[in-house]
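Position 261, counted from 1, in the sequence shown is what UniProt numbering calls 261; the numbers after and before it change by one each time, with no gaps.
Working notes, structure below.
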Amino acid sequence: MMAAPTHGRAMLLMARLRLTRLVNQASALSFRAFRRKRAGRVATPGKPRNAWLLALFVAVTAGFSFTQLARTAVLNLHCHIDAACAATDDHGATYMALEKGAAGLAATPFSPHLASALTMMLTLLLLASVLMALGSRELAQADWDLEWLATLPVRRKTLLWGRVLERSVGNPSALFALLPLCGLLAWYSGLRWSAPLAVLAMAALLLPLTALCQTLADTGLRMWLPASQLRNLQALTSLASMPLIYFVMALGMPNGATFPVEWAAAYPSWTVWTPPGLMIQLLQAATPGHAAALAALLLAQVGLLLAAGVALLGFQLRHGVVASGARASGRAGARAGAAVPHPGGRGLLSPVKRRELHLLSRDRNFLVQSLLLPVVIIGSQLMFNGALRDVGQFVHNTTLVAASAFGIGSYVLMLSAFQTLNNEGPVLWMLYTFPRKVESVLREKAQLWGVLALLYPLGVFGLAIHFGAALNWRLAGLFILALAGMPIFAVIAVSLGVFACDPLAPDVRTRVRPSYVYLYMLLASFYVYCIYTSVWPQKLVVMVLCGALALAMWQKARDELPYLLDPAAAPPARVSTADGLMAATAFFILQALIGLWFRDGTGKIALQGWTMAFAAAGAIVYGCTRLIYWRSKTAGVPAIARGGNARAAALLGLAAAVPAIAVGLVYLAALRHSALAPALAAAAAGATVHPGWLLALAVLAAPLCEEFIFRGLIFGGLRRSMGALPAMLASAAIFAIVHPPLSMLPVFVLGLCAAWSYERSQRLLAPMLVHALYNAAVVSWQLWN
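Have a look at this one:
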């Protein structure tokens, strides 16, 4: 019979198990592309998910960002507390020179007040790492390996010590939070080649403390508190961790709020005798004897805390490692007939929406994280970066008010609508058994979360008006922009949630791919630019493009849903709105790049150069698109004249061109009698026009290239997801915003007429004729006048 392992070997085996599991998870998530295929029977290949490069980039960027933040915070505290960074510029103005403070900090010992402030910073990061670890997992659910470890031939005390050890080495949030600051403290204390050793020693003492606090909370308290209270505790930890993180970040903002630095300067001096303070004193020790005394005191404190914590944990687990009891979701005193549906009680909410609200009310943790955490995050940012020094100043900055309103609402959608499929958990398959499409269920969820997200911009603008914001057209326009962003990003969030969901992942924490979360945040930042820019055509362009992107993503998500539970199958290739948007983007980028080859000596591009660039870009995009469609056997590829009667398509084009030309000529005549007429006449007089090249560009190149993209791909893709009239309006709006602002109105009408002719004929010949005749009439009228 095999002998029981020793205490030390048991703890090392548990730590090795934790590290191996973390490595396997990282390999499964990120480095799947590097795996070598094994010989023998090969299983069905999974869908390609090349996320390893993004994961590596995020890890390196996060490490650099945390290090830079810690360095700026340390230097900022040194500059404010020790007044050692004051400098004057050429005009005699005083400013804070952080690099000057860096040189002085490395050459002199820390002052007592600075040591206390750094102790506070290290303590807050220690606490934040514990709260982040608790808020990122389900406290009411025991770890998967806890019951299995309890059956091993190991004493419970050894098991608990091993638990603390394995969580010490397997806590990424604590590593990112503590190691950069520890390294900087060692560096500015004069250590150079021995700084990594000092960092390892500090981590070996701090990380067990974080692991002990985490284990006491998520393992020990589970034996004392019911599941409902544990979920409430988890919600509180999620809320409490964010202000702590932003408080530490505020210490590194020279132009941010001043009260964090003032609190750090007033931090009690006795705290330097706590473990974080003793570590700083040990780094600054002047003599070996002083260092030995501080090290002994530090080891005694850490050892005493760990021993007391493990003893308390053993007392909590004296009756076992798993608590038993009734379901946390049960409610005493519920009426027996409460579950009987009443046909007349539906009101405005469908069963899907009522179910979503009911689940939200039961899950306090999800309720807090999705509806309250965004307010805490945005509010903490505004408070600690100094934007809320004066409420009156804040409400009078209408752009900041609108950006904050949209930021809170979009963050709510990221934490709620983005999780619509992931929240179904292991019962996601049941949605496929209901007598309705999964698409309709997700549509109702998107509607619900979009309406809930609207409450936040309404509340922010209501508070702004209450505190004195001026009611004017600028505020109204920004208010409309922020409100319009909520339904757009509700659709984007639900659609990206479909792509990000991996229902077959064994670990619930890996069922959402983080790369799509970053993509959502990037798209939200584009919309924030729409709020900040003062040029209204740019606002319109960004808003329409975001709306078109939402429709394209929804269409792709709808195609993906029937194959979501299949690890290998993918939807058949079909023309989609996303193809048109990508083709349009590639067309305009190629046009600009090719145009650089036709610059003259002054750096300008003549009309013939633009015509050649336009035609070349259109030919490249058309050829590449048709090649991709041919290789993937895509269905629904638009054709200029695919069989049938070309004469009927030409007649449709002629008929649809008449109203477009009429609107265009009336619009040009109205411009000649408007206030813009002198400026337009001056611009036309200074321009060099070559009628032949202009007609070639407008009548030949533009209809051939643009109609394939905007009618064949974009309108054809939209037509798969909506009716003819909404698709015509949406495609015409996208077509209009890529033209100069002054011509958007007649071009929008042209887009409607061209889309109508394509809808009736199903051939590109008709909209190409509409476009060519319209451009010929408008250009001829302008040349004539």
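Every residue gets a Cβ at the ideal spot worked out from N, C-alpha and C, and that includes glycine.
- Looking at the backbone, the Cα of Ala250 and that of Ile531 are separated by about 25 Å.
- Three or more beta-carbon pairs separated by less than 8 Å link the stretch 699-709 to the stretch 609-617, which places the two stretches in contact.
- According to DSSP, Ala402 shares a beta bridge with no other residue.
- A direct Cα-to-Cα measurement between Ala766 and Ala464 gives close to 52 Å.
- Around the C-beta of Ile661, 16 or more other C-beta atoms lie within 10 Å, and the residue is accordingly described as buried.
- Just so you know, the alpha carbons of Leu305 and Lys157 end up roughly 15 Å apart.
- Per the C-alpha coordinates, the member of Arg71, Val460 and Pro435 positioned closest to Ala102 is Arg71.
- For Gln762 and Ile734, the gap between their C-alpha atoms comes out near 20 Å.
- His78 counts as buried, since at least 16 other C-beta atoms from the protein chains shown sit within 10 angstroms of its C-beta.
- At the C-beta level, Glu147 and Arg18 stay beyond 9 Å of one another.
- Contact between Ala755 and Ala732 holds: CB atoms are separated by about 6 Å, below the 8 Å threshold.
- Counting C-beta pairs closer than 8 Å gives fewer than three between the stretch 237-251 and the stretch 193-202, which falls short of the contact rule.
- By the Cβ rule, the stretch 366-386 counts as touching the stretch 402-420, because three or more pairs are nearer than 8 Å.
- Contact between the stretch 444-455 and the stretch 477-488 is present, with at least three C-beta pairs closer than 8 Å.
- Note on geometry: alpha-carbon atoms of Ala482 and Val535 lie some 16 Å from one another.
- The stretch 583-597 makes no contact with the stretch 560-572, as fewer than three CB pairs between them are under 8 Å.
- In the three-state scheme derived from DSSP, where H, G and I count as helix and E and B as strand, Ile605 is classed as strand.
- Between Leu581 and Leu549, the C-beta spacing is below 9 Å.
- In the structure shown, the three-state DSSP call for Arg599 is strand.
- Distance from the CA atom of Ser576 to the CA atom of Gly320, rounded to whole angstroms, is 57 Å.
- By the neighbour-count definition (other C-beta atoms within 10 Å, threshold 16), Cys85 is a buried residue.
- No Cβ-Cβ contact shorter than 9 Å links Ala195 with Ala204.
- The beta carbon of Ala557 sits closer than 6 Å to the beta carbons of Ser495 and Val498 from its chain, once the five residues preceding and following it are set aside; these are given in chain order.
- The secondary-structure analysis by DSSP pairs Val512 across a beta bridge with Cys501.
- DSSP lists Ala635 as the bridge partner or partners of Arg574.
- Leaving aside the five residues that flank Tyr246 on each side, the residues in its chain whose CB is nearer than 6 Å to its CB run, in chain order, Ser380 and Phe384.
- The Cβ neighbour count for Val395, taken over all protein chains shown within 10 Å, is at least 16; the residue is labelled buried.
- Rounded to whole angstroms, the gap between the alpha carbons of Gly135 and Thr210 is 14 Å.
- Contact between the stretch 172-192 and the stretch 270-278 is absent: fewer than three C-beta pairs spanning the two stretches fall below 8 Å.
- If you check the CB distance, Leu652 and Arg719 do not come in under 9 Å.
- Here the stretch 104-116 lies against the stretch 277-284, with 3 or more beta-carbon pairs under 8 Å apart.
- Here DSSP, grouped into helix, strand and coil, assigns Asn232 to helix.
- Here Leu596 is not near Leu694, since their CB atoms are 9 Å or more apart.
- Ala584 and Thr625 have their C-alpha atoms roughly 11 Å apart.
- Taking C-alpha positions only, Leu745 is separated from Leu421 by approximately 40 Å.
- Closest option to Leu278, judged by alpha-carbon separation, among Ala300, Trp554, Tyr774 and Met253: Ala300.
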